[in-house]
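Taking it in order: structure first as structure tokens, then the write-up.
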Amino acid sequence: MKILITLACAVCFSGIATAATQEDDVNRYVQIFSSSQTFDQHAVEALAWMGVSDPRVFDVVERRVLAGVAQGQPDKHTKNEIGLSIRALGFSGQPKYRDTLLQISADRVYGRYAKTALEDLPDYQKWNPIISNRANFDPKYSDDVNRVLIMLRSDDFELKKIGAKRIYFQNKDEVLLDALVEQIRASYQYSNAQRSDTIAWMVKALGSAKQAKYRPVLEEVVTFTTDRKIARHAKEALEK
């Protein structure tokens with residue numbers, strides 16, 4: 756599963772990081788995408804981790820996509836906007852957008868975005884209900900922190916990776932770093948080809964905090980892991 760949109764930009768979008776209910780999340784997104792005359796890149800990219808699947812949001816995105824694709828040869832700026840919006844349809848996890856994505860996948864300009872979105876679609880169909888399940892939210896923490904905790908504690912290593920990237924690019928909340936320690940220690944000695952990249956990202960995210968209290972964990976990983984990639988990231992973190 757390819758998450759090609761960097762979370763470095765998505766983390767900057769804090770306008771809907773906290774909401775009272777899932778319905779609030781949906782309403783804010785609908786308002787943003789329906790009323791904005793300019794493209795809100797951060798809002799679109801944030802759909803990669805918000806856990807939103809409601810068609811009220813993505814129907815608006817789909818209309819913009821279809822209108823943009825129909826315009827023909829775009830400039831670089833427009834191509835980026837429409838490409839990101841196509842990717843967002845994959846983040847919906849909604850099968851109803853599959854036909855639209857299949858249609859666009861044959862397009863010379865936007866086909867590669869649609870193909871990646873088609874790969875994302877079944878993953879987000881599984882993930883979004885997990886990420887957005889407020890029954891698992893702890894009221895002591897922000898919505899953003901709760902979502903990342905859910906990602907890290909899931910059994911899906913691809914979803915764990917998204918959580919680790921969120922921490923690496925922005926959120927250095929102590930509860931998240933402590934959760935990383937827990938996840939790293941539970942997994943680094945049991946790495947395999949499918950898990951290696953995720954564990955490496957967790958190590959990288961922990962190292963990005965640059966806090967002395969986590970150095971023993973990184974040193975432990977360097978000493979005991981047999982995975983070269985994981986060891987390399989732990990060493991690099993210790994050297995910074």
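Using my numbering, the first residue of the sequence shown is number 756, and each one after it goes up by one. Just so it is clear, CB atoms sit at the ideal spot from N, CA and C, and this is done for glycine as well.
At least 8 Å separates the beta-carbon of Y969 from that of I954. Sixteen is the threshold: since fewer than 16 other Cβ atoms of the shown chains lie within 10 Å of the Cβ of T793, the residue is exposed. In terms of CA proximity to A941, V958 leads the group E929, V958, Y865, Q925. Two segments are said to touch when three or more pairs of C-beta atoms, one from each, lie closer than 8 Å; by this definition the stretch 854-873 does not touch the stretch 884-895. DSSP places Q949 outside both helix and strand once states are collapsed to three, so it counts as coil. Cβ-Cβ separation between S789 and Q849: approximately 18 Å, too far for a contact (criterion under 8 Å). Restricted to the stretch 800-863, not a single beta strand (DSSP E) segment is unbroken, complete and at least 3 residues in length.
In this structure, the CA atom of E994 is about 49 Å from the CA atom of D854. By the CB criterion at 8 Å, Y868 and F813 fall outside the cutoff. Its chain contains S946, S951 as the residues whose beta carbon lies nearer than 6 Å to that of D982, once the 5 sequence neighbours on both sides are disregarded; these appear in chain order. At least 8 Å separates the beta-carbon of V815 from that of I859. Comparing C-alpha distances from P971 to each of S897, K915, A989, V781 shows the shortest one belongs to A989.
Per the coordinates, the alpha-carbon of W804 lies some 19 Å from the alpha-carbon of E836.
When C-alpha distances from E974 are compared across A948, R921, I939, the shortest belongs to I939.
Boundaries of the alpha helix (DSSP H) harbouring P877: 866-886, taken from the DSSP string. Collapsing the DSSP output to three states places N926 in coil. The alpha-carbon of E937 is positioned some 44 Å away from that of V864. Rounded to whole angstroms, I787 and Y923 show a C-alpha spacing of 27 Å.
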